[in-house]
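Heads up: the sequence shown begins at 156 in my numbering, then just goes up one per residue. We put the beta carbon where it would ideally sit given N, CA and C, even for glycine. Since we're looking at a predicted model, the values are computed, not measured. Only one structure is covered here, and it is reproduced in the block below.
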Amino acid sequence: MTTAYRIVLLGPPGAGKGTQAARLAERLGIPHISTGDMMRAAADRGGELGEQVRSYLEAGHLVPDALIVDVVRDRLGAPDCAHGYLLDGFPRTLPQAEALDRLLQELGTELTHTLELRVPLDLLTARLIRRGREQGRADDDEAVIAERMKVYERQTRPVSDHYARTDRLAVVDGVGTIEEIGERIRERLGA
Ligand code: AMP
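This is the structure we're talking about:
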């Protein structure tokens with residue numbers, strides 16, 4: 156029987172969560188659940204909901220908790236999540252973290268690892284500006300980046316505190332090459 160990994164990867168915008176999450180999920184053979192990717196796909200599909208989501212994305216604001224929690228509940232209930240998953244970009248607020256705790260309790264499971272990638276602010280901003288140029292992401296424009304950092308401090312920092320308080324947080328230094336950071340994460344997981 157192989158170990159099931161139910162992982163949450165936390166960290167500010169630009170910390171390299173998406174890159175590390177994709178690599179790690181592939182290595183562990185578990186689904187990579189990126190709520191950011193799911194929201195961008197919803198915005199691209201359009202329709203009333205898509206347009207609503209798009210307005211949040213373009214402002215650098217979080218979409219409402221109720222919406223995102225419903226999306227995650229559906230996704231975690233899918234058969235491919237029965238043997239683990241990696242959550243990237245969720246939870247982003249304290250109510251989301253509490254909703255996830257309740258959801259896992261209902262499912263009779265627990266997270267196995269909560270990791271936070273830590274990177275100094277000036278480095279984050281530089282990385283995001285570069286990504287905006289390379290990938291053409293509308294929310295990587297400089298004014299929107301500043302707003303996303305504020306949102307992170309105000310709404311997402313309490314999520315790290317929530318896991319730290321309950322002794323579930325492992326902080327990983329997010330400065331270095333993709334390989335180096337990946338190695339630090341794998342060490343923490345014993346993977
Ligand atoms: P990301 O790619 O994770 O930086 O997410 C991009 C955008 O998607 C965020 O700025 C939010 O507008 C939205 N989003 C992603 N995940 C969440 C979440 N857990 N709660 C609320 N909004 C989210």
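Mapping DSSP to helix, strand and coil, what is I162?
Within the sequence shown, numbered from 1, the residue matching residue 162 stands at position 7. It is a strand residue.
Tell me which same chain residues have a C-beta within less than 7 Å of the C-beta of R209, skipping the five on either side of it?
The residue given as residue 209 occupies position 54 in the sequence shown. Excluding residues within five positions, the ones whose Cβ falls inside 7 Å are A198.
Within a Cβ cutoff of 7 Å, which residues of the same chain sit near G379, ignoring the five residues on either side of it in sequence?
An answer regarding residue 379 cannot be provided, because it is not within the stretch 156 to 346 covered by the chain.
Check whether the Cβ of I223 lies closer than 7 Å to any heavy atom of the ligand AMP, and answer yes or no.
Taking the sequence shown and counting its residues from 1, one reaches residue 223 at position 68. Checking the Cβ of I223 against the ligand AMP gives yes.
Report all residues from its chain with a CB closer than 8 Å to the CB of S315; omit the five preceding and five following residues, and keep chain order.
Reading the sequence shown from its first residue, position 160 is the one you call residue 315. Around S315: L165, E271 and L324.
Starting from Y243, follow the beta strand (DSSP E) in both directions and report where the run begins and ends.
Counting from one through the sequence shown, the residue named residue 243 turns up at place 88. In the sequence as displayed, the identity of residue 243 is Asp instead of Tyr. Its beta strand (DSSP E) spans residues G239 to D243.
Can you tell which of E338, T311 and A301 has its C-alpha closest to the C-alpha of A214?
As a first step, residue 214 is located in the sequence shown; it is residue number 59 there, counting from the start. Nearest of E338, T311 and A301 to A214, Cα basis: A301.
Consider the C-beta atom of T190 and the heavy atoms of the ligand AMP; say whether any pair is separated by less than 7 Å.
On the sequence shown, position 35 is the one that residue 190 refers to. The answer is yes for T190.
Within its chain, find whatever has a CB closer than 6 Å to the CB of H238; leave out the 5 residues flanking it on each side and keep chain order.
The residue labelled residue 238 in the question sits at position 83 within the sequence shown. The residues are A159.
Examine the Cβ distances between the region 231-251 and the region 185-197 and report whether three or more of them are shorter than 8 Å.
Short answer: they touch.
Give the range of the beta strand (DSSP E) segment to which R286 is assigned.
What you label residue 286 is simply residue 131 of the sequence shown in a count that begins at 1. First-last for R286: L276 to Q290, but that is the alpha helix (DSSP H), not the beta strand (DSSP E).
When you compare only the Cα positions, how much space is there between E181 and A319?
As a first step, residue 181 must be located in the sequence shown, where it is residue number 26. As a first step, residue 319 must be located in the sequence shown, where it is residue number 164. Rounded to whole angstroms, E181 to A319 spans 27 Å at the Cα level.
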